[in-house]
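Notes follow the structure.
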Amino acid sequence: MTTFNLKNQNRKSLFFRYIIGGLVLVPSEEHSTIVSTKSGKIRGKINDVLGVKVNTFLGIPYGKEPTGRLRFRRTHPVRPWTNTFDATRLPPACIQSEYTQRLFPVKILNWQISEDCLYMNIWSPVTNETSLPVMVWIHGGMFTIGSVGVDEYDGSVLASFGNVVVVSIQYRLGLFGFLDLENDEIPGNMGLYDQAMALKWINENIANFGGDPNLVTLFGQSAGGISIGMHMMAPQTKDLFKRVILQSGSPMLLNQVFTRGQKTAEAFVRKIDCFPEGTDIYDSLEMVVRCIDNTKLKKINDAQQAMVTNNPVPFLPTIPSEYIESFPTEDNENITFNQKEFLIGFNRDEGSLILHLSYPKNYTRTTVPTINTLEEARDTIIRMAVDGGFPETQAKSMASVLLNGNETDTPENWARKIGAVFGDIMFICPTARFADKFSALNSTVYMPQSSVWGKWMGVTHHDELNFVFGVPLRYPNMFDGEDINFSKRLMKTWTHFARTGSVSPIDYHNDWPPYDFSKPYMDLNTKNAYIGHRYHEETCNLYNALIEYFSR
Numbered sequence: 004m005t006t007f008n009l010k011n012q013n014r015k016s017l018f019f020r021y022i023i024g025g026l027v028l029v030p031s032e033e034h035s036t037i038v039s040t041k042s043g044k045i046r047g048k049i050n051d052v053l054g055v056k057v058n059t060f061l062g063i064p065y066g067k068e069p070t071g072r073l074r075f076r077r078t079h080p081v082r083p084w085t086n087t088f089d090a091t092r093l094p095p096a097c098i099q100s101e102y103t104q105r106l107f108p109v110k111i112l113n114w115q116i117s118e119d120c121l122y123m124n125i126w127s128p129v130t131n132e133t134s135l136p137v138m139v140w141i142h143g144g145m146f147t148i149g150s151v152g153v154d155e156y157d158g159s160v161l162a163s164f165g166n167v168v169v170v171s172i173q174y175r176l177g178l179f180g181f182l183d184l185e186n187d188e189i190p191g192n193m194g195l196y197d198q199a200m201a202l203k204w205i206n207e208n209i210a211n212f213g214g215d216p217n218l219v220t221l222f223g224q225s226a227g228g229i230s231i232g233m234h235m236m237a238p239q240t241k242d243l244f245k246r247v248i249l250q251s252g253s254p255m256l257l258n259q260v261f262t263r264g265q266k267t268a269e270a271f272v273r274k275i276d277c278f279p280e281g282t283d284i285y286d287s288l289e290m291v292v293r294c295i296d297n298t299k300l301k302k303i304n305d306a307q308q309a310m311v312t313n314n315p316v317p318f319l320p321t322i323p324s325e326y327i328e329s330f331p332t333e334d335n336e337n338i339t340f341n342q343k344e345f346l347i348g349f350n351r352d353e354g355s356l357i358l359h360l361s362y363p364k365n366y367t368r369t370t371v372p373t374i375n376t377l378e379e380a381r382d383t384i385i386r387m388a389v390d391g392g393f394p395e396t397q398a399k400s401m402a403s404v405l406l407n408g409n410e411t412d413t414p415e416n417w418a419r420k421i422g423a424v425f426g427d428i429m430f431i432c433p434t435a436r437f438a439d440k441f442s443a444l445n446s447t448v449y450m451p452q453s454s455v456w457g458k459w460m461g462v463t464h465h466d467e468l469n470f471v472f473g474v475p476l477r478y479p480n481m482f483d484g485e486d487i488n489f490s491k492r493l494m495k496t497w498t499h500f501a502r503t504g505s506v507s508p509i510d511y512h513n514d515w516p517p518y519d520f521s522k523p524y525m526d527l528n529t530k531n532a533y534i535g536h537r538y539h540e541e542t543c544n545l546y547n548a549l550i551e552y553f554s555r
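Encoded structure:
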């Protein structure tokens, strides 16, 4: 097993801003517990969390380590073990980019990374009940970064407060999870195959942790939400979960994003000297695969680091593929869909984090950005659109349409509008389109929108996760009473939905209607939640028309 350490002493995060000068509520550890599974016996800890005893299992393996000849291949099930497996320490994260990690405002509890990374964490309340709802968390991070070792993803409070079993899973990222040579040897979407293997392990074993395998809800944010949307349409996983919660992530992102695997694969193969100039990669696949298999891990990882520095999201799921055959934008008859209820939503200011990630020097998390000229605004949109998969000619046309009528705007407004543009294109409008698609299939859909807190960035991408996982209850001296109450309300909503498929009755002072032709959504905030309709509909109609036109 090759393990790296990405610890960076100069990292700053929201976590650090909360923790300075305050007390931390640390769950008290009491004694160990042992659970039998089909893979073998597993030892975990029992902690006291908010007055409830919670079984905690960290780093349970679900897949065979994808190293050597298994690198870039479909997931193999974990080999059973004979001794009791010690699940009391966080596992290493999957190999990922330190460059991209530095941009994200999260606290990593284990900075080790390794190819041997197919692990999950499980939190289950100690109770006489034997069939608790199960909530499986799939993390985001642009399919490039993330792990179960992020402090915000600690599921102990959610399990304790909501009386549910919480599971978080890791999957291969970046190049290791999504290199696609469109053949049986390196088929692409390995990260999705990892997730599917984890769901199968959960289905076979979660009853031994007090969970109901027939009452599994997947919830995920950003890339995690996109992944869940794909599992909703994939035949491999359709019987492994019942409900879904998609937070700021929809597979109805631009088709261009999920069809550029060939171009990215060619760039990678060239970087590791496995693709001689003047040859066609697909005419020499056997030679290319053999060369990749014989390339040292360090050279592969160095190539990924170089590609991520130039484009933070070079490797993504590909559609169509063996895993998922068609885009959800195609006819409903072509979509395999077996889930009945889902909760899908977004944050108000999704795009401001995209500006920060794309141009971290110009758009920090604290400095109010400015764009001084219309030309600068136009160039910014073009660069971001090209990075998002649009050809340059189409990106230029899009910029002209989107900036029409804004010629006399102020520098600060230009920056905010560009953030709104990409929040709408990448998150809000694809979310609405996905809700439209599946509500038309007579599925029960609820749509929340978060507008809680933030500075110039507003309520941006990722900001709701502190509240979903009950971070204010773990660090009560770093949050005010409104934040703590809002977190309780959000956890109550999520766990009630996982238990019943409904979001009512919850303390929002208004009945929350299912999504239908009137496109209702619930604005969730610390004050008074309210019902709205047709969020950004006019803007999304414009974007959808542009996308349809440019996709011809």
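For what it's worth, the numbering used here labels the leading residue of the sequence shown as 4, then goes sequentially. Backbone N, C-alpha and C define an ideal beta-carbon position, used for all residues, glycine too. On a predicted model such as this, the values are computed, not experimentally measured, just so you know.
- Contact between the segment 199-216 and the segment 122-142 is present: three or more C-beta pairs spanning the two stretches fall below 8 Å.
- Partner residues in the beta bridge of W140, as assigned by DSSP, are S171 and F222.
- If the five residues before and after Q239 are omitted, its C-beta is found closer than 6 Å to the C-beta atoms of A199, all from its own chain and listed in chain order.
- With a beta-carbon spacing of about 4 Å, T87 and K44 fall inside the 8 Å limit used to define contacts.
- For T59, the three-state secondary structure derived from DSSP is strand.
- For V38, DSSP records a beta bridge to I45.
- A distance of 8 Å or more separates the beta carbons of R175 and C294.
- Classified as buried, T267 has 16 or more neighbouring CB atoms from the shown chains inside 10 Å of its CB.
- Contact between T78 and D197 holds: CB atoms are separated by about 5 Å, below the 8 Å threshold.
- As the crow flies, the alpha-carbon of G227 is around 15 Å from that of E155.
- Look at I98 here: in three-state DSSP terms it is coil, with no helix or strand label.
- The beta-bridge partner set that DSSP reports for I229 is empty.
- Out of M387, T376, P190 and T40, the CA that lies nearest to the CA of V424 is found in M387.
- Put simply, the backbone Cα of V139 is about 47 Å away from that of G281.
- Note that the segment 154-172 touches the segment 55-68; at least 3 beta-carbon pairs, one per stretch, sit closer than 8 Å.
- By the Cβ rule, the segment 114-124 does not count as touching the segment 36-52, because fewer than three pairs are nearer than 8 Å.
- Between S127 and V168 a beta carbon distance of about 4 Å is seen, short of the 8 Å cut, so the two are scored as contacting.
- Nearest neighbour of R436 by Cα position, chosen from T396, G348, V506 and M401, turns out to be G348.
- Boundaries of the alpha helix (DSSP H) harbouring M494: G484 to T503, taken from the DSSP string.
- Positions of the beta strand (DSSP E) runs, each at least 3 residues long and wholly inside the segment 177-202, cannot be given because no such run exists.
- Looking at the DSSP output, T91 bridges to L61.
- Using a 10 angstroms sphere on the CB of P83, the tally of other CB atoms stays under 16, which defines it as exposed.
- Rounded to whole angstroms, the gap between the alpha carbons of K399 and I385 is 6 Å.
- Around P64, the same chain offers V81 and Y122 as residues with beta carbons nearer than 6 Å, after the five sequence neighbours per side are excluded.
- Each of L545, T321, A548 and V272 was checked against the Cα of G180, and the nearest Cα belongs to T321.
- With respect to S324, G191 sits close: the two C-beta atoms are nearer than 8 Å.
- The alpha helix (DSSP H) runs of length 4 or more contained entirely in the segment 285-313 are, from start to end of the chain, 288-296 and 300-313.
- Residue nearest to H34 within the set S100, G62, G422 and V129 is V129 (criterion: CA-CA distance).
- In this structure, the straight-line span from the alpha carbon of E188 to that of I209 is close to 32 Å.
- R72 sits in a helix when the DSSP states are folded into three classes.
- DSSP places Y326 in the coil class of the three-state scheme, outside both helix and strand.
- Note on D305: under 16 other CB atoms within 10 angstroms of its CB, so exposed under the neighbour-count rule.
- Here the alpha carbon of V311 sits roughly 10 Å from the alpha carbon of E101.
- Collapsing the DSSP output to three states places I385 in a helix.
- Following the DSSP letters along the chain, one finds Q115 inside the beta strand (DSSP E) bounded by residues Q115 to S117.
- L93 and G149 do not touch by the CB rule: their CB atoms are close to 13 Å apart, not below 8 Å.
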